[in-house]
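Protein chains in written order, with our numbering: chain A, 7 to 366; chain B, 127 to 533.
This is the structure:
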């Protein structure tokens, strides 16, 4: 069965082929389709709009073949709202993997937009959109293309050197809140997206995608949806695939919620082959040896970040656990993760602390 | 024919010169962006030239391009000042190969000063890394910090105030640390979980401990071996330990000259070691519980020879103060005596050779040596059975000098 949107994807591909011939996307209005050739070139589109991934200038309306997705547990980014999309070239499929990120074909694009609602009490109201980051799978590996939005949210421009942007919003209590948004530079992108020296996506793993997404044409499990659309090869039925519970899934055991949180927020660095493999700490979901994920593990190169504490995780004692201490800090020499936040994720911290407190 | 070859080489050299670009960066309000942009834009062979002056930086900067030189106008003239750092876990991070860092300073980084991870042929030359308020628990951990790197050259650097180690080489291979000065750090120079290091011609003074050779469990690279520490001046290490607790260097007694913990084949020779209040040379097993079955906590094949000792042990600190209080005077060279250990619950024994010879004292008195006779790694010092007699051993071959590739 060929789903309607798959058919649309084929149409988009035809559109893309035509526009490659025309050498440039149409200047206004209608989508010319995803500009795969330009995205794969050494001279990628200077604006997000020119990538053809979205039909509108505000990047809220994905082009045909661009599929939204969500993660069960997401990286905390100062509470930013994230909108994620995947695009695969017509006929290409991602390869299912039970453990690591799916194997994506050349031409695949992963899209993530970061935005803050101006008033947290009206989350669907006006927002300040900050960045749209693309990961493009080229023949020689993944490339990061960070597009930075202007203040009006009308144009996003390719900006590999990063930026520092103050963002003022109103929080859930009605108080004004200002944070400093750090758009990463290319090296900082690699600071997280690196595995054995190669640029690697983090989010799209089976355990994190194994959940229901409210698609426009009805809710469906994402793994089933991707399989049905022909985007994913080799996936089992969702029931047979691993699943990491969302942070707030109260029915899930606290240990699974905490481990899922650490997996998503920490394990891209703290794993063998990751940027922070030096300390031997391994916070992957799959690590089953307690000392490897921090239980009674002594600090190695933490310096003052250890805060006079003996262990990464002291069972039963979150206040004596370096891991909880570093999640609770905003001091650049102490905080973890090192990048990507300027505030404390109180919800994530609470789950991790409860897990440690209940640990025997 | 030969002339042609030379002409061709000259042309190549010229082409190389012509292509290499120099990115000049000056202090000022946009220094952060300009410096980071230069580091992102540089191509292999390029130089990023730091002008004279103080670069006030609000965030860490990083280099991920091979064969780039970052060069300042001098270790006191071009200063990367991280006093106002709000972001980034180190001052400067290098993750590429063939990088040369020279003639500039890094001050008051919130975390580590200069970190190089996974870098091959990294050179730190004529640099200064300093926490300017002096020893403080709130200072960053490491000054010069290559880790998981190969062919590491550190020369002519000065590091002051690190709350862990001034010069710290971790999990690396083929290392030279020479002609450098480490003062007012917890550990002056520390070689940890590393293979093949030559540490010579350095001055380590006014630290808590002067030069440390450590091996720790549970790390991707362990089993440190083949380390030579020679012709250094390791004196008056008297700064009270200011490391945050929990860190392994927090256990270093104030007033330690050389400390060897675990490792195989470490040779300490022709150094001047004196005025270290706890002990001039300490050789000890790793003392904490070991969960890692692959780890060996014992120092073995250790040579301490032909050093010149000044006074030591006159103001013992830490665990060793208890020994002195129990009437055991601290010697110039102290070994815990461990030859057995328990790793992951399994008892093990190991032939341990400790070779101490030809050392002299400045005042011509006899060099004192003591084994505490604590047979098991981490065994309580209260059960020490001290003996000045260390069994004679067969000669232990010295590691070959470290050879670095031409750079």
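Think of the CB as a built atom: it goes at the ideal place given N, C-alpha and C, for glycine as much as any other residue. Small disclaimer: the values here were computed from a predicted structure and weren't measured.
- If you check the CB distance, residue 94 of chain A and residue 235 of chain A do not come in under 7 Å.
- With the rule of 3 Cβ pairs closer than 8 Å, the stretch 251-266 of chain B does not count as touching the stretch 485-501 of chain B.
- Look at residue 480 of chain B here: in three-state DSSP terms it is strand.
- Close to chain B, meaning a Cβ-Cβ distance shorter than 8 Å, are the following residues of the stretch 303-315 of chain A: 303, 304, 305, 306, 307, 308, 309, 310, 311, 312, 313, 314, 315.
- Classified as exposed, residue 101 of chain A has fewer than 16 neighbouring CB atoms from the shown chains inside 10 Å of its CB.
- According to the DSSP assignment, residue 361 of chain A belongs to the alpha helix (DSSP H) that extends over 352-364.
- The alpha-carbon of residue 301 of chain B is positioned some 17 Å away from that of residue 228 of chain B.
- Residue pairing by DSSP places residue 281 of chain B opposite B/251, B/304 in a beta bridge.
- By the C-beta density criterion, residue 227 of chain A is buried, having at least 16 other C-beta atoms within 10 angstroms.
- Neighbourhood of residue 360 of chain A in chain B, by CB distance below 9 Å: empty, with the nearest CB roughly 23 Å away.
- Take residue 220 of chain B, set aside five residues on each side of it, and the residues of its chain with a beta-carbon closer than 6 Å to its own are 189, 242, 245, in chain order.
- Non-local C-beta neighbours of residue 329 of chain A in its own chain, meaning closer than 6 Å and more than five positions away in sequence, comprise 300, 318, 319, ordered along the chain.
- Here residue 321 of chain A is near residue 365 of chain A, since their CB atoms are less than 7 Å apart.
- If you draw a straight line from the Cα of residue 72 of chain A to the Cα of residue 233 of chain A, it is about 15 Å long.
- Where residue 393 of chain B is concerned, the enclosing beta strand (DSSP E) starts and stops at 390-395.
- The contact set of residue 215 of chain B on chain A, defined by CB atoms closer than 7 Å, consists of 338, 339, 344 in chain order.
- Around the beta-carbon of residue 486 of chain B, fewer than 16 other beta-carbon atoms lie within 10 Å, marking it exposed.
- Of the residues assessed, residue 217 of chain B falls on the buried side of the cut-off, its CB having 16 or more other CB atoms within 10 angstroms.
- Taking all protein chains in view, the Cβ of residue 349 of chain A is surrounded by fewer than 16 other Cβ atoms within 10 Å, so the residue is classified as exposed.
- Around the beta carbon of residue 206 of chain A, 16 or more other beta carbons sit within 10 angstroms, so the residue counts as buried.
- Below the 9 Å Cβ cutoff, chain B contributes no neighbours of residue 48 of chain A, its closest Cβ being approximately 14 Å away.
- Unbroken beta strand (DSSP E) runs of no fewer than 3 residues, entirely contained in the stretch 313-347 of chain B, are found at 313-318, 321-326, 329-331, 335-340, following chain order.
- When 8 Å is used as the limit between beta carbons, residue 284 of chain A is near these residues of chain B: 243, 273, 274, 296, 297, 345, 346, in chain order.
- CA-to-CA, the gap between residue 124 of chain A and residue 388 of chain B works out to about 57 Å.
- Look at residue 161 of chain A: its C-beta is not under 7 Å from any C-beta on chain B.
- By the 16-neighbour rule on beta-carbons within 10 angstroms, residue 168 of chain B is buried.
- With fewer than 16 other beta carbons inside 10 angstroms of its own, residue 254 of chain A counts as exposed.
- Interface criterion met: the Cβ of residue 266 of chain B is under 7 Å from a Cβ in chain A.
- Closest by C-alpha distance to residue 372 of chain B, out of B/289, B/256, B/248, is B/289.
- Interface residue (Cβ-Cβ distance to chain A less than 7 Å): residue 370 of chain B is classified as such.
- By the Cβ neighbour-count rule, residue 258 of chain B is exposed, with fewer than 16 other Cβ atoms within 10 Å of its own.
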